[in-house]
Each structure stands twice: as C-alpha cells, then as structure tokens.
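In order, the protein sequence lines correspond to chains V and C. The first sequence: position 3 = 3 (the numbering used here), numbered continuously. Here the numbering used here = 1-based position in the second sequence + 134. Remarks on the structure that follows.
There are 2 protein chains.
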Amino acid sequence: MKIGELASAAATKVETVRYYEKIGLLPPPARTSANYRAYGNDHLARLSFIRRARDLGFTLEAVRELLTLSDDKAQSCDAVDGIARVHLTEIDRKIADLSALRGELDRVIGSCRHGTVADCKIIETLAPRTLTAT
Amino acid sequence: MKIGELASAAATKVETVRYYEKIGLLPPPARTSANYRAYGNDHLARLSFIRRARDLGFTLEAVRELLTLSDDKAQSCDAVDGIARVHLTEIDRKIADLSALRGELDRVIGSCRHGTVADCKIIETLAPRTLTAT
DNA sequence: TGTACACCCTGTAGCAACTACAGGGTCAAG
DNA sequence: CTTGACCCTGTAGTTGCTACAGGGTGTACA
C-alpha cells in the first residue's frame, strides 16, 4: 500500500509516517519504480502500535523501547511493565502539578472584583509585592 | 543592574532573559560603555511578572497579553479575568485528559501477568487486534 | 604588570514531536 | 492532453527555552 493509504489506515498523517521513518521508528519500506514507498501489513501493525502507544502518552523514546521489547517474544514481560509503571508515575505527577496550579489560578480568579486594571487582584498577584509601587 | 543580577533576582537564567528580550517581552535596556545590558527596577518587576505568570502555566502569548493589559491601568479588569478563565478551562481539560489516560494505563498495567512478551497483555493492548497474528 | 577567572556579548543549533511549506515528479480519469 | 490527486525530497516553523562557540570586559591577586 502507498503512504497515504497506510497513514489513513493508522489514523496518522503522511508527514508523520515519513518522520517516523526518518528517526528510525518505522523501517524504510520497498519502493516502486516511481520511487513511491510500498508498505505491507507489518508496517501497518507497527505504525498502529506506535500510534496507540503515543495516544497513551508514551514518549517516542519509550515507544522505541516498547517496540524493541515486543520484537523479542521470549523475553519477560517485566521490562514492558516497568516502562508502563514509570509512565504512570509521571502522569500522576503531572495531574498533581496541574491540580495544584488549578487551585492557585482559581483562587486568583476568585479575587477579581471586575474593577479597573489598577485595582486588579489578578495583576497584583502576578506582580511582586515589593515592586508593585513603581 | 547587570543581566546576571537581574536573572538571579527573578530566579531565571541569563539566557532566558536575553530570549525574552529577543521575542519582545522584555524591553531592551540601556547599555554600558562595555555594551553590557543595564537594567532598572522596572525591568525586574516586569521579569518577575512574566515568571509568576509562567509558573501559573500561562503561555508566553498569554503573558504578552497580560502585560499589555497591565500597562493600561484605567482599563477594565474583565479582559484579564477572561484570559485567566480561558486558561483555567484549558487546565481543566488537561487534567481530565490525563485522568482518562491514567485510567486506561492503569487498566493495561493491571492486566500484566508477568509472563513472556509473547503473552504480554500490555503489548497486546497496544497492537491492533486485527493484525496481532502476523 | 601580568594573568586568571567570572562575567558579559552575539549568533547559532539543539530538544520534543511533529507540521507546513516549496518545488518538483507520477498516474489515472475525462 | 490536461486536470487533479497523489507521491518525492528537503527545509523551516512551532513552544519555551537551553547550550554551546568564539569572542570581549572587569577585577582581584601575586
């Protein structure tokens, strides 16, 4: 199949496919006489794998590791589990960070009295207290 | 004050200060005879403002708008409030996305039976069902 | 007076993970 | 035979910095 068919079959973009090939995530396929890339089902499987892993938030580096691991069927699954667990920890940290931020921002917004900028509590919160009076 | 002093006073890096100047967030300061940047307290206030806004997760574009608004003291605070509310909505969306992701990832990890990669449920989840048998 | 060292300058390249061109070639339908 | 959809390579842009390379400056100490 051609690159456009592959891309739409895996719900990615043509440019992304070429990008994955360039960074070595997707092996270079055969070429037609017109120099078009010609993909098989193995390429589609690999690309779909990448996409699903990306959807789950894995970095391309993590995807690369997962692909390497998945190629060695006899190996223990623990390394895969480890990567997933590290990723889960990172997601938890991000959620915690964002929640803290949300709280602070909510507090700041709640202080808005809808007056002029001169009395704006939001601006005031952002400006350092010691230098507010210019 | 020199760029190093400004940077440490605002808990940023020298390169970041120069970067903010380059993209027009921080006005170019006067120069000494040796061509060193010479900053005043107004620069420190502005840089601190930028930093605090960034800490709250505002993009540089949002910071640029907030700075413009904060320069016009007579204006209504509502525009500022609006930017902050939009930002809050975005944070809420990000938290929701991450939570959904966390759930899915947790489920995937929970399915790990610690066998070989061939039976790995995590890999299986990533691989498309229709193509798992190669 | 020399020199070592911390600091400053400009400009460019790199990071993630793509996306969007520009400027061409190919192929099937009408 | 030409229109349009697709393909090719290569490069530059995105966000928000960070890290050089290759220089100049200022001060402290021997």
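The beta carbon of each residue, even a glycine, is placed where N, CA and C say it ideally should be. Source: prediction; values computed, not measured.
- The C-beta of C:A218 comes closer than 9 angstroms to at least one C-beta of chain V.
- Here V:S99 carries a helix assignment [DSSP, helix/strand/coil].
- The shortest C-alpha to C-alpha distance from V:D81 to any of C:N169, C:D240 and C:H177 is the one to C:D240.
- Between the C-alpha atoms of C:A252 and V:T59 there is a straight-line separation of about 23 angstroms.
- Under the Cβ criterion of 9 angstroms, V:S8 is not counted among the residues facing chain C.
- With 16 or more other CB atoms across the displayed protein chains lying within 10 angstroms of its CB, V:R46 is buried.
- DSSP, reduced to helix, strand and coil, places C:R165 within a strand of the structure shown.
- Counting only runs that start and end inside the region 19 to 100 of chain V, the alpha helix (DSSP H) elements of at least 4 residues fall at 41 to 55 and 60 to 71.
- Any Cβ of chain C closer than 9 angstroms to the Cβ of V:R102 would place that residue at the interface, and such an atom is present.
- In the structure shown, V:T12 adopts coil according to DSSP, grouped into three states.
- Along the region 35 to 50 of chain V, going in chain order, the ones with a CB nearer than 8 angstroms to a CB of chain C are N41, D42, L44, A45, S48 and F49.
- The alpha-carbon of V:L67 is positioned some 12 angstroms away from that of V:R54.
- For C:T250, there is no enclosing alpha helix (DSSP H), since its DSSP letter is neither H nor E.
- C:A196 has its alpha-carbon roughly 49 angstroms from the corresponding atom of V:Q75.
- Between the alpha carbons of V:D92 and C:L160 lies a distance of about 35 angstroms.
- When the Cα atoms are used, C:L235 and C:I157 turn out to be separated by approximately 35 angstroms.
- The distance from the Cβ of V:A84 to that of C:I243 is about 5 angstroms, consistent with a contact at the 8 angstroms cut-off.
- By the Cβ neighbour-count rule, V:H114 is exposed, with fewer than 16 other Cβ atoms within 10 Å of its own.
- In the displayed model, C:A141 falls within a helix according to three-state DSSP.
- Between V:R37 and V:K2, the beta carbon gap of about 7 angstroms places them in contact (Cβ cut-off 8 angstroms).
- Neighbours of C:K228 in chain V, taken as residues at a C-beta separation under 7 angstroms, are given in chain order as L98.
- Linking C:Y173 to C:P163 through their CA atoms gives a straight-line distance of about 6 angstroms.
- Counting only Cβ-Cβ distances below 8 angstroms, C:I137 has no contacts in chain V at all, with the closest Cβ about 18 angstroms away.
- Within chain V, T116, V117 and A118 have C-beta atoms less than 7 angstroms from the C-beta of C:K207, given in sequence order.
- C:S142 counts as exposed, since fewer than 16 other beta carbons sit within 10 angstroms of its beta carbon.
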